[in-house]
Structures are given as C-alpha cells and as structure tokens.
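Shown next, in structure tokens, is the structure this report addresses.
There are 2 protein chains.
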Amino acid sequence: MRIESPRYTERFGSVRINDVQKVLELDAGRDKELPLHEKIAVQKIEENTIKDIEEKMAIVIPIKDEKLQLFEGVISGIPHECLIIVISNSQRKGVDRFKMEQDTLNQFCHFTRRQALIFHQKDPVLAQALKEADYPDLLGKDERVRDGKAEGMIAAMFITMMAKKKYVGFVDADNYFPGAVLEYVRCFASGFSMAKSPYAMVRILWRYKPKISAGVYFKKWGRVSEITNGCMNSLISHKTGFETEIIKTGNAGEHAISLKLAEILPYASGYAVEPQELVSIFEGFGGVSPMAHPTAAKHGIEVFQIETRNPHLHEEKGEQHLDEMLLLGLGTIYHSPLCTEETEQLILSELLQQDAINPSEALPKPHLSAPLKKINLKRFTEVMEKHVKSYSALEGE
Amino acid sequence: MRIESPRYTERFGSVRINDVQKVLELDAGRDKELPLHEKIAVQKIEENTIKDIEEKMAIVIPIKDEKLQLFEGVISGIPHECLIIVISNSQRKGVDRFKMEQDTLNQFCHFTRRQALIFHQKDPVLAQALKEADYPDLLGKDERVRDGKAEGMIAAMFITMMAKKKYVGFVDADNYFPGAVLEYVRCFASGFSMAKSPYAMVRILWRYKPKISAGVYFKKWGRVSEITNGCMNSLISHKTGFETEIIKTGNAGEHAISLKLAEILPYASGYAVEPQELVSIFEGFGGVSPMAHPTAAKHGIEVFQIETRNPHLHEEKGEQHLDEMLLLGLGTIYHSPLCTEETEQLILSELLQQDAINPSEALPKPHLSAPLKKINLKRFTEVMEKHVKSYSALEGE
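From first to last, the protein sequence lines are chains A and B. Just so you know, we're using my numbering here: the first sequence kicks off at 1495 and counts up by one. Just so you know, we're using my numbering here: the second sequence kicks off at 1495 and counts up by one.
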C-alpha cells in the first residue's frame, strides 16, 4: 500500500493529530528498499510490515440483524492474519439470526482455515465474566450486557485483550464491498506502522460516500460529520488559541486503536462512542488538565486520519438515526470540561438550526464506562475460557 | 487470495473449460505450505505467486471520455507490479480530454514510482507502425486505427508484445471501486497460476451487478449475458451431444489472456470481441475442424471463469447499447461454422423475442482481424520505439 506521508501534524498537549493522508495505491508491489527521495512525500508500506501488524490485530464486527450476504462479504474482505471477533446483538427468538451468523462464519472459516470468535451480546457467560472481573459498567438491570453498539464494542475489546492482541479495529457488517473492508484494515495496519508511539489510533475517512437516488452522486461530506468535526475543531481552537480544521474523522465508525491506548480510555454509550474517544484523548492528554496516564503522556498519543481510495457504500438505514448521532456526538463535546463558552454556543446554534433540539432542552450527557484496564483480566479470562469452544468458529473440526 | 478449486471441467476437443470458481478470501495471509487436505476444495494462491505473474502482466485500460475521477480510481487499484497500458479514444478537439488523462496518469505514476504507457487510438505513429509492420487490419480509410474498443484492445496487445509481457488483462475505466479492480487483476493472476497450459484465458464473472433505482438490488444476471451464455452453451451442446451450462462469461469485458494464446486468435470488432474470443477457441481447438495451431492444441487451451467477491458497480451508460451488444454477440455464434440449425433457430427466436431484430433482417457477421502473430513485431517495435518517450508516464523525470 502507498500512502501520503503525514504532511502536517497539529499538537495539542501530548496529542499529535495528523492531517488526512490519502491512499495512493492499494497494492504497492514487492518489498523493496526505497530511494530516500520518495519518502518525503509518500510512504510505501511493505506487505510484510502490514502482515506483521495484522497478525497482532483483532477486527471486531458488531452486527445486529444485518443481511447475511453482506456479513459474508465483509468477513471475506478481512485479511487472513487478523483474528475476527463478531459481537452480535441479533434476534434469537423466532428466527434465530445469531445461529445463522454463526453458521455463515463457521462455513467461511472451514474453507479458509482461519480462526474467528463469535459472541452474542446477551450471552450469560459474558455477563457473568464481566461481573466476576469487577467490570459491571456494561451490565443492565437484567444482569446482561446492555443493548448498544458501543457496549458490544467494549465487550469485544475485552475479548481482544483475552486473545492477547496488540491492536483492535472496528468494521461495520453492512458494507457492500469486501474490497473496501480489505482497504480499511490495510489502512489500520499502515497507520500503526507509521506510529512512533505505542499509544495510537487510526480513523478512516471515506473518499466518497455515494448517495443513491435515481443516479449516483459521489458525496464527500455528510451533514452530521461536518458539524461534529466543526465543533470538535472549535473545542481545540479555543484552547490552543489557533483556529484549526485538523479533525476530519469525528464520527469515524471504521477505526482502530492500539490496545495500550484502548485500555486507558473511558467509553461513551451509543453513537457517542466514536467522538468521545477523541474528546477523552484531548481531556486526558491535551495538557489542560493533569495527564491521565503519565507513561502514555510521555510517549504521546498519535491520531492518524486516513482517506481510503474506495468509496463507502453500505446499507441505507434511513435518516432517523442521523439526528440522534448528531445530538449524542455534540453532547460529548458540550459536556467536556475543555468546552469553552464559544464552543457551547456554536453547538447550541448548530443543533437549533438543524431542528435537532428544542430551545428549552438540555444536551444529553454521555454515559461513560470506565477504562478497560479496570477489569480483572485474569478473572475474566478464567470464566470465559471454560466456554471458549462454543465461541470459536473452527471448534469441533 | 483463496479460491475454489476447479470442481468441474468440460472438455471440447483440446479446450478445457473450467466451471466457475468463487473467490473465498481476498487476502489469504502469509505464504505457507498448506496441508494437503485443504487443496481438495480450495486453492490458496500465495502472494509471491500472484506477484510473479503480475510482473509479467500488462493491464490494458481502454478509455473514451470517462470521468477522470473514475479513471484515477481504476489505476490506483491496479497492482504495482503490472504494467499499465492506457489506450484512449477520448476527445482531443476543444477540451483535450486525452491530455487530461495523460496528466492524471503522469501524476499517479510520479507519486507511486511506477511505469505506464498511454496512447491515443488515433495516434499517427501507431497507425504508421501497424502499416509498416504489415498489419493494416485495424486501419480505416483515413489510415488511422478505426474507432472501437476492440480496435483499441488489439493495438494495446501489440504494445504488450513490444513490452515483452507474458499476459494481458483488460479492465474498464468506469469502475466505481478501486478495490474491485484490484480483485480482478488478482483473479487473473490466480487463474494463470492454476493453468497447466501456456495457452490460457481467465474470464471474470461478477458476483452481483447492483441495479440502482430508488434502492439497490443485487442482480446476478443481466439479460444480455444470460442469452449470450445460453446460445454459446447450445453451440457446444449440439456439437458434443451433451447438454451443458458451462459457459457463464460469454460477454466478460474483464478478462485476461496469455500472450501465447492471444497471438493466435482472430479478433472481432466492437461488442463482438469478447464472445468471439471463445467462439474462435472452439472453432480452432474444438476438434471439429483441423486444429488451428498444433502446438497449442497439444498443450490444450484452458479457460478459467472466476467469480469475484466484490460486486460490479460502474457508470451506467443507459440501455441503448445492450441490444447492440446482444446482436453482435449472438452474431459471432450464428456465423460460426460450428453453429448447427438448432442453435441458429434458438438465436433467431431469442432476438425476435427481445425485439432486437426484424424478421427479415440478417444477423451482422463479425468483422475479424487477423491473429496478432501476423504482425512483423520487429518492424512495429522499430517504428514505435523512436517515439516511446512520448507515451511513457515517467519520462522527463
């Protein structure tokens, strides 16, 4: 893979936010030593380097009643060396869709000779393990993991820790193009290979997100992304005193985190999860408040934003969730201790303009779960390991 | 890449037509020795094997006034080791679109450090070289290469021969997904790696070709493909006496040929070019007439049909060309010396049913150009080489 070198980096305390880097070439050929003059503008990420990182990476696919054809396509695009972790909150009563997902995954793994894990979000063992390991933050009143993509993502990160992986990436299950999924994962690996700090995050920016109505229109920015990015940049600008447009991936669902970083961040529920990750990084390491983690602060936190070559084409879920996404995303910024009055005003005026809030309404405060490191991983692993066969795709062969 | 093993092969004289093989996994991980039991059902094509073939392959992109964004995406998806050959018949008067294509290609090659060639179909030197090399078949009355995608493809194959490549593949310039283009080329390489004969062809079958109207419908078969394949299968069935459905890629635009095979086939004009390739193979090596090329017949001709994981989404050109495509494609079968009365009747009734022909109308006979080996390659190269700098993307750097 060939990718632009980071041409501009914004610093905020010990956070280094790299400007968008575009993918130039999906396949950059055989491993070779490059003449130095190319490296100025372009990075060639060698196949071997990518595979070294993929071996240490789990790819989490949260799924909820998605079409099985799309799910099958998505898993076929995930590089072989990655561990696939599916966290499903699909229907089990009546038509057992979770069972169908299991079957699809098992068949795929059977023919491709690879390992994968699949869990249901409401699995009693998973809930029990979290409880016994002193991490009840994800559990609802019924003593099961609560609904929500964010809760599934967090549970899957514990599995990633249990599997001793160094990186975790997230990919949605409703992507139409396996080739785009492959590119996301290669972007994750390329980002980590460029990182100088073990505390790193890679967020994907889509080149286009085609809108389908009569014809195809290659839209670059969605409304929600544009507003969220704008408000997040306002947050940074008013702290540093220099206006910036550096954040372009505030809502990035496709993203990856090094486990070292993942373990020390708190996580928000619902659609707030992705923007909150950035807000938590700014709060913890922006240098305004005391550093949240001295070792991480010493290494620095690195954020990469990588623009794919493939457009993003996925199942349309309608417009309803967009307002909720906007509201919850902006809530993470609004309620941050870093948020100045200027940014508060900007957020309120954007929300009113979008008719996403009533003038008398308060902004929802994100519900935060504790950083992952709070868990007793040994205990979690002990409880889960007894049942690991039932989660594993190649078992019984 | 992981791909199904050829499970069924139909033999027609010395032609071996393999049934469709599906791609299972886009990235099959590091090179390893496989335990034998997997090979029964699945072939893992190692990265090294793929790259060995890509180094010997030219990818031809015929282009005619396509959107530059799409063209740029397509070239970014072609594996680095392949030689890119663009053959353009785009507008030069007024807005010089050819110049814009050249600029796009040059910029891409500058940053990715790769070699590419770009020619205009009406280039006077190209016409002169063809004339002096005793291959005037492509030239029109104005002593330039005639219009038509097929003519461009043939000219590009001579360039491929000049560049001493072993394989040539064709990819359209209007594909929306660079990741799909990457998969096509990897399928080409995978097919050639499975071939036992140096006379081989790989044809791509799309998993889905989404139809966009209000929503997205994942269509598998188009009307034209279904009819063309049916008639081609009828042609074979009535010669062998066993009904077959083996041909599923009669119209495949995305396909690749080993140069050894490419050099001994005649080529039809226009939309007839892809179906005619198969018809010519059946005529030359089906064993009904004397073998067209004894050495090739001895090795056998191998046809692979590979089904991609990615859907095929490209620029919609409207419905008009579909009838022409149908008519010209069926013309290649109808006018073949192999065509029996049953198949003739089938073709006529299909065309009447589709309103693609009048009852009194005769079917168009394909216009055939001589096999490539007729050219005086030495002379062609001599004329072209003097100007090769002006065609080459990295020249002047």
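For every residue, glycine included, the Cβ atom is placed at its ideal position computed from N, Cα and C.
Item                                                                                                                                                                                                                : Value
Could you tell me how far apart the beta carbons of Leu1753(B) and Lys1690(B) are, in whole angstroms, since I believe they sit closer than 8 Å?                                                                    : Not really, about 17 Å apart at Cβ, beyond 8 Å.
How close, in whole Å, do the beta carbons of Phe1506(A) and Thr1734(A) come, if the pair is a contact with beta carbons under 8 Å?                                                                                 : 6 Å
Using DSSP's beta-bridge definition, name the partner residues of Ser1863(B).                                                                                                                                       : Tyr1761(B)
Given a cut-off of 9 Å on the beta-carbon distance, is the pair Ser1582(B) and Ile1557(B) in contact?                                                                                                               : yes
Over what stretch of residues does the beta strand (DSSP E) that includes Glu1504(A) continue unbroken?                                                                                                             : 1503-1506
Cβ atoms of Gly1571(B) and His1574(A): under 9 Å apart, would you say?                                                                                                                                              : no
In chain order, which continuous runs of the beta strand (DSSP E) of length 3 or greater are located wholly inside the segment 1566-1592 of chain B?                                                                : 1577-1582
Check whether the segment 1843-1860 of chain A touches the segment 1795-1802 of chain A, taking contact to mean three or more Cβ pairs, one atom from each stretch, closer than 8 Å.                                : no
Counting pairs of beta carbons, one from the segment 1592-1602 of chain A and one from the segment 1621-1637 of chain A, are three or more of them closer than 8 Å?                                                 : no
What residue ranges within the segment 1770-1811 of chain A form continuous beta strand (DSSP E) runs of no fewer than 3 residues, ordered along the chain?                                                         : 1795-1801
Which one of Pro1865(B), Glu1777(B), Leu1807(B) has the shortest CA to CA distance from Gly1645(B)?                                                                                                                 : Note on identity: in this sequence residue 1645(B) is Glu, with Gly being the wrong assignment. Nearest option by C-alpha distance: Pro1865(B).
Arg1803(A) versus chain B: which residues are under 8 Å apart at the beta carbon?                                                                                                                                   : Gly1567, Ser1570, Gly1571, Pro1672, Gly1673
Could you check whether the segment 1651-1668 of chain A touches the segment 1719-1731 of chain A, counting it as contact only if at least three pairs of C-beta atoms, one from each stretch, sit closer than 8 Å? : no
Give a yes or no on whether the C-beta atoms belonging to Met1495(B) and Cys1725(B) are separated by under 9 Å.                                                                                                     : no
Tell me, please, whether the CB atom of Lys1545(B) is closer than 9 Å to any CB atom in chain A?                                                                                                                    : yes
Judging by CA-CA distance, which residue of Leu1611(B), Ser1499(B), Lys1545(B) is the nearest neighbour of Asn1512(B)?                                                                                              : Ser1499(B)
Taking the alpha-carbon of Leu1807(A) as reference, which of Glu1768(B), Gly1673(B), His1787(B) has the nearest alpha-carbon?                                                                                       : Gly1673(B)
Residues of chain B with CB closer than 8 Å to the CB of Leu1518(A), please, in chain order.                                                                                                                        : Ser1570, Phe1602, Phe1605, Thr1606
Listing by chain order, which chain B residues have their CB less than 7 Å from the CB of Arg1501(A)?                                                                                                               : Within 7 Å Cβ-Cβ: nothing; Arg1501(A) doesn't reach chain B, min ~13 Å.
In chain A, which residues lie with their C-beta within 7 Å of the C-beta of Ile1706(B)?                                                                                                                            : Ile1706, Val1710
To the nearest angstrom, how far is the alpha carbon of Phe1874(B) from that of Leu1632(B)?                                                                                                                         : 14 Å
Please check if any C-beta of chain A sits within less than 9 Å of the C-beta of Ala1667(B).                                                                                                                        : no
Looking at chain B, is there any beta carbon in it that lies within less than 9 Å of the beta carbon of Asp1521(A)?                                                                                                 : yes
Given Leu1840(A), which residues of its chain have a CB within under 8 Å of its CB, disregarding the five upstream and five downstream residues?                                                                    : Gly1724, Cys1725, Ser1728
Does the beta-carbon of Phe1736(A) have 16 or more other beta-carbons within 10 angstroms, so that it is buried, or is it exposed?                                                                                  : exposed
What first and last residue would you give for the alpha helix (DSSP H) that runs through Lys1516(A)?                                                                                                               : From DSSP, Lys1516(A) is part of no alpha helix (DSSP H) but of the beta strand (DSSP E) over 1515-1519.
Beta carbon of Ile1578(A), beta carbon of Ala1887(A): below 9 Å?                                                                                                                                                    : yes
Quickly, what does DSSP pair Val1679(B) with across the bridge? List them, please.                                                                                                                                  : Paired residues: none, contrary to the question.
Kindly indicate which residue of Leu1842(A), Val1662(A), Ser1783(A), Pro1858(A) has the alpha-carbon position closest to the one of Gly1764(A).                                                                     : Pro1858(A)
Could you check the C-alpha separation between Glu1768(B) and Val1675(B) for me, to the nearest Å?                                                                                                                  : 18 Å
Select from Asp1521(A), Ser1584(A), Val1589(A) the residue whose C-alpha is nearest the C-alpha of Arg1607(B).                                                                                                      : Asp1521(A)
Helix or strand or just coil, what does DSSP make of Tyr1661(A)?                                                                                                                                                    : strand
Can you check which of these residues, Glu1838(A), Glu1809(A), Arg1701(A), Asp1817(A), is closest to Lys1561(A) by C-alpha distance?                                                                                : Glu1809(A)
Tell me, please, whether the CB atom of Leu1807(B) is closer than 9 Å to any CB atom in chain A?                                                                                                                    : yes
Give me the chain B residues within the contact set of Ala1535(A), using Cβ-Cβ distance strictly less than 8 Å, ordered along the chain.                                                                            : Phe1605
Any idea which residues DSSP pairs Pro1704(B) with across the strands?                                                                                                                                              : Phe1712(B)
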